[in-house]
Amino acid sequence: MNKTKNEYVPATSHTTRTTGETIRMLRELKQWSQKELARRTGISEPNLSLLENDKIDLGKKRAEQLAKAFGIHPAIIMFPEYEAIEIQKAA
Numbered sequence: 127m128n129k130t131k132n133e134y135v136p137a138t139s140h141t142t143r144t145t146g147e148t149i150r151m152l153r154e155l156k157q158w159s160q161k162e163l164a165r166r167t168g169i170s171e172p173n174l175s176l177l178e179n180d181k182i183d184l185g186k187k188r189a190e191q192l193a194k195a196f197g198i199h200p201a202i203i204m205f206p207e208y209e210a211i212e213i214q215k216a217a
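Residue numbers for the sequence shown follow the working numbering, beginning at 127 and rising by one.
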């Protein structure tokens, strides 16, 4: 069965991931506690909790600190909706 290009419907995203959810997911994939991530980033545990719960904005400096700890590019954390494949690679 051959279909023409016009017969296909593009896939749509069914989920969106927030920056906080991405940070938590990366931390859990590394099997790190918030305490361990705080040690590796210099970001306090209370601030990590606020970030993971999307209660405060990430900001460039924190994105860079987190990215360095996870060994990834900061854009993966800052724009999780565009970088889902890269998040999985970081595990």
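Virtual Cβ for every residue (Gly too), placed ideally from N, Cα, C.
Beta-carbon gap between Pro206 and Lys186 smaller than 9 Å: no
Presumed contact (8 Å Cβ cut-off) between Gly146 and Asp180, rounded CB distance: 4 Å
Rounded C-alpha distance that separates Ser175 from Ser159: 11 Å
Cβ distance (whole Å) where Glu171 is taken to contact Lys161 below 8 Å: 6 Å
Complete runs of the alpha helix (DSSP H) confined to the segment 166–193 [at least 4 residues]: 171–178
Proximity to Ile169 [Cα-Cα], best of Thr144, Met151 and Glu190: Glu190
Nearest-angstrom Cα separation, counted from Ile149 out to His140: Residue placement at His140 is poorly supported in this model, since its pLDDT is 46, which falls under 50; the coordinates still yield a value, given next. So the alpha carbons of these two residues sit roughly 20 Å apart.
Which of helix, strand or coil DSSP assigns to Lys161: helix
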